[in-house]
Amino acid sequence: MTMRNSFDWTPYRRSTVGFDRLFDFLETGGSGAENYPPFDIEKVADDHFRITVAVAGFKADEIDITAQQNMLSVSGRKAPAPEGEERKLLYSGIATRAFERRFQLADFVRVGSADLADGLLTIDLVREVPEAMKPHKIAIGGGTATLIEPGKKAA
């Protein structure tokens, strides 16, 4: 039985740049397999975001982060235990199964850095709009248009 997510994401859509497709995914729900590993998305500043993924039990060399166009992919696969060092667990509550988590990124969002500490993988994202895409004021002159740099006044 699938339960529909009834949470209203509207306030977060207004204050979060670059994650519209992610909110669409969250609103439509997903199966239990898509909920591993759990993650947080945080707005650090106007053009700076952070994704934190809980990857307890994984080492840095067992996690792969790939950014391609507007897709960020985080995957993890435990390395097999060396011969003779197999553990005999009485109970296994820490999930160490292989995973792949994908995040849709908005245009001009790039991965700034990634860090693994205390079982949490943090990925910093930065939104960098090219200068040519930013709005510019145009001064109205006597037949010629003059471009005014943002923050400056016309002479």
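Mapping of the sequence shown onto the numbering used here: position 122 corresponds to residue 429, and the numbering continues sequentially without gaps.
In this text, a Cβ means the ideal position worked out from N, Cα and C, and glycines have one as well.
These figures come from a predicted structure and were not determined experimentally.
Inter-residue Cα distance where the pair is residue i and residue j
i      : j      : result
Leu412 : Gly391 : 43 Å
Ser379 : Asp347 : The sequence given here places Leu at residue 379; Ser does not occur at that position. The straight-line gap from Cα to Cα measures roughly 14 Å.
Gly419 : Met440 : 20 Å
Among the options, nearest to residue i - alpha-carbon criterion
i      : options                        : result
Thr373 : Glu438, Phe410, Ala446, Val436 : Phe410
Gly383 : Phe365, Leu396, Leu397, Glu393 : Phe365
Ala421 : Glu393, Leu397, Lys444, Asp371 : Asp371
Sub-7 Å separation of residue i and residue j beta-carbons
i      : j      : result
Pro345 : Phe406 : no
Ala363 : Ile401 : yes
Val436 : Arg417 : no
Val381 : Arg408 : yes
Ala367 : Leu427 : no
Thr359 : Thr429 : yes
Coil, strand or helix - residue i by DSSP
i      : result
Glu349 : strand
Ala413 : coil
Glu393 : coil
Glu435 : coil
8 Å contact criterion, which residue i and residue j should meet: CB distance rounded
i      : j      : result
Asn377 : Asp414 : 7 Å
Ala386 : Glu369 : 6 Å
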